[in-house]
Amino acid sequence: MYRHGKEAEKLVLKKSDYLAYRVRCLSMLREPQIRGALSYGGVIWRLTLELLLADEGLYHRAVELCVAGPVLDRGKDSLVLVFPSGADGTLYVDNRINDQQADILCGMYWRYCGKFDDALTVEHLSWWPKPAVWKSSGFNTGIWNPSNEDWFQQRMLAIQDGTEMPRNGDRWRSSMKFNQ
Numbered sequence: 006m007y008r009h010g011k012e013a014e015k016l017v018l019k020k021s022d023y024l025a026y027r028v029r030c031l032s033m034l035r036e037p038q039i040r041g042a043l044s045y046g047g048v049i050w051r052l053t054l055e056l057l058l059a060d061e062g063l064y065h066r067a068v069e070l071c072v073a074g075p076v077l078d079r080g081k082d083s084l085v086l087v088f089p090s091g092a093d094g095t096l097y098v099d100n101r102i103n104d105q106q107a108d109i110l111c112g113m114y115w116r117y118c119g120k121f122d123d124a125l126t127v128e129h130l131s132w133w134p135k136p137a138v139w140k141s142s143g144f145n146t147g148i149w150n151p152s153n154e155d156w157f158q159q160r161m162l163a164i165q166d167g168t169e170m171p172r173n174g175d176r177w178r179s180s181m182k183f184n185q
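Counting in the numbering used here, the sequence shown runs from 6 upward without gaps.
The following block contains the structure:
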């Protein structure tokens, strides 16, 4: 998604913008991406779960996919990780999402802010923290805990109320020092 404005300007979006973000996520979540997003962990896992819970058919398909094992050979958007098990040479595989798919799940916008020295200035904003910010925050404890869920629910309510908008990386980092 692309927006125009200056970095100092506050981005104001409508509820329909958040709904459009959710539709975009749902259209991206196909079979291998569902497994990959659920196995990603952290906020990506929680956002995927939120989307799946809103669509009963998709939720049941996700359960089937997780029980069935990795989805292989599904085209260019399918990413598979291979894990060696050790000395016996056994390899394990699982689905994964790529960085662009993670950006979609986080609701990333590129805001063009103008030109500086003949170069276009772009600011990345997102409804939810990107994986790198999540991993370096105090919220990344290795499990989804009650504090994480409280934070997620409060953020979700604030977005739905229109009191929270997408943030840039610096704002995400400063707001997520909670447990560090």
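Every residue, glycine too, gets a C-beta built ideally from N, C-alpha and C. Note that the coordinates shown come from a computational prediction; the quantities given were computed from them, not determined experimentally.
Check: Three-state secondary structure assigned by DSSP to ALA42; Outcome: helix
Check: N-terminal and C-terminal residue of the beta strand (DSSP E) that GLU128 is part of; Outcome: 124-131
Check: Straight-line Cα distance separating THR168 from TRP49; Outcome: According to the sequence provided, residue 49 is Ile. The question's Trp does not apply to it. Approximately 22 Å between the Cα atoms of the pair.
Check: Candidates TRP115, ALA42, MET161, SER44, of which the one nearest LYS20 by Cα; Outcome: MET161
Check: Any beta strand (DSSP E) of 3 or more consecutive residues that is wholly inside the stretch 115-177; Outcome: 124-131
Check: Residues of its chain near LEU70, where Cβ-Cβ distance is below 7 Å and the 5 sequence neighbours each way are ignored; Outcome: GLU36, ILE39, ARG40, VAL76
Check: Other residues of its chain near VAL138: CB distance less than 7 Å, five sequence neighbours each side excluded; Outcome: GLY174, TRP177, ARG178, MET181
Check: Distance between beta carbons of THR53 and LEU110, contact taken as under 8 Å; Outcome: 7 Å
Check: Of the listed residues ASN100, LEU24, CYS30, nearest to ALA73 (C-alpha basis); Outcome: ASN100
Check: Simplified DSSP assignment, three categories, for VAL33; Outcome: It is Met, not Val, that sits at residue 33 in the sequence shown. Helix.
Check: Residue closest to ALA59, alpha-carbon to alpha-carbon, out of ARG27, TRP115, GLN105; Outcome: ARG27
Check: Alpha carbon of ARG116 to alpha carbon of GLY94, nearest angstrom; Outcome: 47 Å
Check: Closest residue to LEU31 among ASN153, TYR45, LEU63, LEU18 (Cα-Cα distance); Outcome: LEU63
Check: Backbone secondary structure at HIS9 - three-state DSSP; Outcome: The predicted model places HIS9 with a pLDDT of 49, which falls under 50 and marks its position as unreliable; any figure quoted below should be read in that light. Three-state result, HIS9: strand.
Check: Cβ separation of MET170 and LEU18, assumed to be a contact under 8 Å, to the nearest whole Å; Outcome: 6 Å
Check: Three-state class that DSSP yields for LYS19 in the structure shown; Outcome: coil
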